[in-house]
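Numbering (UniProt numbering), first residue to last: 1 to 304.
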């Protein structure tokens, strides 16, 4: 019998995660799978339970929620042969969007998962990030951001309304009140960009923030990261360019530069602007700069 570990975020999607989790658990058991609920009252406890479950022996780990739960799953299974299944039930679901998973339809997502269990997993890239000179590394699969996008993410995470994209728009409006350009040095495979800036993102997938197409040409299985940097915009400039990010139109602005690399070092430069905000990846806080980012081709096996 196939044995699945299930981790549910009950607060994802303003409570949709808990309802979706119960539905997924019941449907998988009905289909004859052995299901072990590894959920916990906090992200840290759920991660510990998931790792313990993996050590006991699972055929796959299934997460139910948004990009934060994908982040949890990636940090349990990346670099191993244990596949990750995803049932989207969050607000953003940018990784699920990239992988073509059904969003907002739990029965369809479960059907997709069951077919993928029969067909076998697909290998995609995962990304390691950590402070230079330190051994500790964290995995992510989506986008790492450390500009105004990260500040907006941090603020949006504490809002309970509105839902979806509008939450990020509200957070952007609040951040613009005190915005000043940040100071950066970004070294991507040896090529250096040093400037005051508004936005820096290292993308393994095209989308961030619930549908913002930050890196339209990013691919999750090409062994490369799309490095997006934007020079110092005024507050009015940010307001003008932000709506175009939903369709990726910002890439046509001469102050926006996109390159590709396997390894990226992002450092703060105080002489060029204010200190950049702490970085976020998959919507989860990673920590302050400097940070080293490295793609690991094929490090993650996903059920898609």
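Heads up, the beta-carbon is just placed ideally off N, CA and C, and yes, glycines get one too.
Boundaries (first-last residue) of the beta strand (DSSP E) holding residue i
i	result
residue 266	263–268
residue 299	291–302
residue 126	122–130
residue 245	Taken as a continuous stretch (DSSP letters only), residue 245 belongs to no beta strand (DSSP E), as it is neither H nor E.
residue 226	225–230
residue 5	3–8
residue 35	34–37
Residues that residue i bridges to, as DSSP identifies them
i	result
residue 213	207
residue 282	DSSP output for residue 282 lists no bridge partner at all.
residue 27	In DSSP, residue 27 forms no bridge with anything.
residue 257	229
residue 220	For residue 220, which the question treats as bridged, DSSP gives no partner whatsoever.
residue 287	279
Extent of the continuous alpha helix (DSSP H) to which residue i belongs
i	result
residue 117	106–119
residue 237	235–241
residue 95	94–99
Exposed unless 16 or more other CB atoms sit within 10 angstroms - verdict on residue i
i	result
residue 305	Not covered by the structure: residue 305. The range shown for the chain is 1 to 304.
residue 13	Only weak support is given to the placement of residue 13: the predicted model assigns it a pLDDT of 48, under 50, and the question is left unresolved by the model.
residue 161	exposed
residue 145	buried
residue 34	exposed
residue 106	buried
residue 172	buried
residue 109	buried
residue 303	buried
residue 201	buried
residue 55	exposed
residue 123	exposed
residue 181	buried
residue 178	exposed
residue 80	exposed
residue 83	buried
residue 120	exposed
residue 191	exposed
residue 96	buried
residue 287	exposed
residue 158	exposed
residue 239	exposed
residue 85	buried
Cut-off 7 Å between Cβ atoms - residues of its own chain near residue i, not counting five sequence neighbours on either side
i	result
residue 168	152, 156, 209 and 210
residue 98	205, 206, 207 and 220
residue 241	233, 250 and 253
residue 114	31
residue 126	74, 78, 139, 141, 296, 299 and 300
residue 25	6, 35 and 37
residue 312	An answer regarding residue 312 cannot be provided, because it is not within the stretch 1 to 304 covered by the chain.
residue 20	64, 87, 89 and 106
residue 112	101 and 102
Beta-carbon proximity list for residue i, same chain, < 6 Å, skipping 5 on both sides
i	result
residue 294	128 and 263
residue 69	9 and 63
residue 40	46 and 49
residue 215	203, 206, 226 and 228
residue 7	38, 39, 46, 50 and 63
residue 2	33 and 59
residue 23	106
Contacts around residue i, its chain only, beta-carbon distance under 8 Å, and the 5 residues preceding and following it disregarded
i	result
residue 291	129, 130, 131, 132, 144, 146, 265, 266 and 279
residue 194	184, 185, 186, 269 and 272
residue 217	206, 226 and 258
residue 136	130
Suppose only complete runs of 4+ residues qualify. What are the alpha helix (DSSP H) ranges in the stretch 134–205, listed by chain order? The stretch 134–205 contains these whole alpha helix (DSSP H) runs: 148–157 and 165–176.
Every unbroken alpha helix (DSSP H) within the stretch 41–88, with a cutoff of 4 residues, ordered by chain: Fully contained in the stretch 41–88 are the following alpha helix (DSSP H) runs of length 4 or more, in chain order: 43–56 and 67–77.
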